[in-house]
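Residue numbers (the working numbering): -12 to 239.
Structure, as structure tokens:
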């Protein structure tokens, strides 16, 4: 802001708005903005008169809509306006960056021979990603002879999904699937299931006073349904082990 009657501030030529003497059109539509952000339309007037009006109020004349006929100018504190604009741009940039980070896929690696302690560590890591808003791909890698017993990898993956389902409502976007030497499933937080499970206490208790809940973790499967229909929520069931083929019997 300039002092009353003082020299005009020099506005760099790369500024996004034309200000004060850089406004060269003969007339403009003038909007007066007060300290509270309220605006008053003063109508169309010669540009020199609009500049004089801004000077009398110790403010700046800022061209905000150069394509309008005539161009629209605001009488305002340009320094404060520019600061507010830059702050909004920074906030939008941070929000966009946070949104991109939240949608980033995270992988959690498992082994068909993983022990209980390591499995819990992996589950905790996946839970951390999920609560931060990331989709998580649970991956089981088969090395060497692991391929002879794929049921071990399925069991490890299913155990991890069961453990996650006990901690947080999850949606299985991609059911367990084998690709090459990898078995994977894609999961994310199921906000809809969380809302559906938030029921009053009397709805969760049967007429005999016993609860209607099961011990099985609840996981939403992303199955085809009507566009407006709810997504089914089903308990995770451990798969049947894959039977090993019998050794060939030698014949005489």
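Glycine included, every Cβ here is placed at the ideal spot set by N, Cα and C.
Nothing here was measured: the structure is a model prediction, and the numbers come from that model.
State the DSSP-derived secondary structure class of residue i, mapped to helix, strand or coil.
| i | result |
| --- | --- |
| residue 68 | helix |
| residue 164 | strand |
| residue 141 | helix |
| residue 28 | strand |
| residue 103 | helix |
| residue 217 | Bear in mind that the predicted position of residue 217 carries a pLDDT of just 41, short of 50, making it unreliable; the figure below should be weighed with that in mind. Here residue 217 sits in coil by DSSP. |
| residue 172 | strand |
| residue 91 | coil |
| residue 279 | Given a span of -12 to 239 for the chain in the structure shown, any question on residue 279 remains unanswerable. |
| residue 52 | strand |
| residue 158 | strand |
| residue 110 | helix |
| residue 130 | coil |
| residue 74 | helix |
| residue 11 | coil |
Which whole-angstrom value describes the C-beta separation of residue i and residue j, a residue pair presumed to lie in contact below a C-beta threshold of 8 Å?
| i | j | result |
| --- | --- | --- |
| residue 91 | residue 121 | 6 Å |
| residue 6 | residue 57 | Not a contact, Cβ separation roughly 17 Å. |
| residue 243 | residue 30 | The chain is shown from -12 up to 239; residue 243 falls before or after that span and cannot be answered. |
| residue 126 | residue 169 | 6 Å |
Of the residues the options, which one's Cα is nearest the Cα of residue i?
| i | options | result |
| --- | --- | --- |
| residue 103 | 134, 66, 118, 142 | 142 |
| residue 99 | 118, 21, 178, 135 | 135 |
| residue 176 | 70, 116, 4 | 116 |
| residue 131 | 105, 114, 167 | 167 |
| residue 179 | 156, 163, 162 | 156 |
| residue 311 | 68, 82, 163 | Only positions -12 to 239 of the chain appear in the structure, and residue 311 is not among them; the question remains open. |
| residue 33 | 18, 19, 27, 14 | 14 |
| residue 93 | 119, 26, 106 | 119 |
Who are the Cβ neighbours of residue i in its own chain at under 6 Å, not counting the five residues just before and after it?
| i | result |
| --- | --- |
| residue 150 | 110 |
| residue 19 | 27, 29, 62 |
Might you give, ordered along the chain, the residues of its own chain that have their beta carbon closer than 7 Å to the beta carbon of residue i, omitting 5 neighbours on each side?
| i | result |
| --- | --- |
| residue 52 | 58, 59 |
| residue 4 | 49, 50, 51 |
| residue 163 | 141, 144, 170, 172 |
* Asked: Counting Cβ pairs closer than 8 Å, one from the stretch 40 to 51 and one from the stretch 61 to 69, do we hit at least three?
  -> yes
* Touch test, the stretch 136 to 147 against the stretch 93 to 113, Cβ-Cβ under 8 Å, three pairs minimum -> yes
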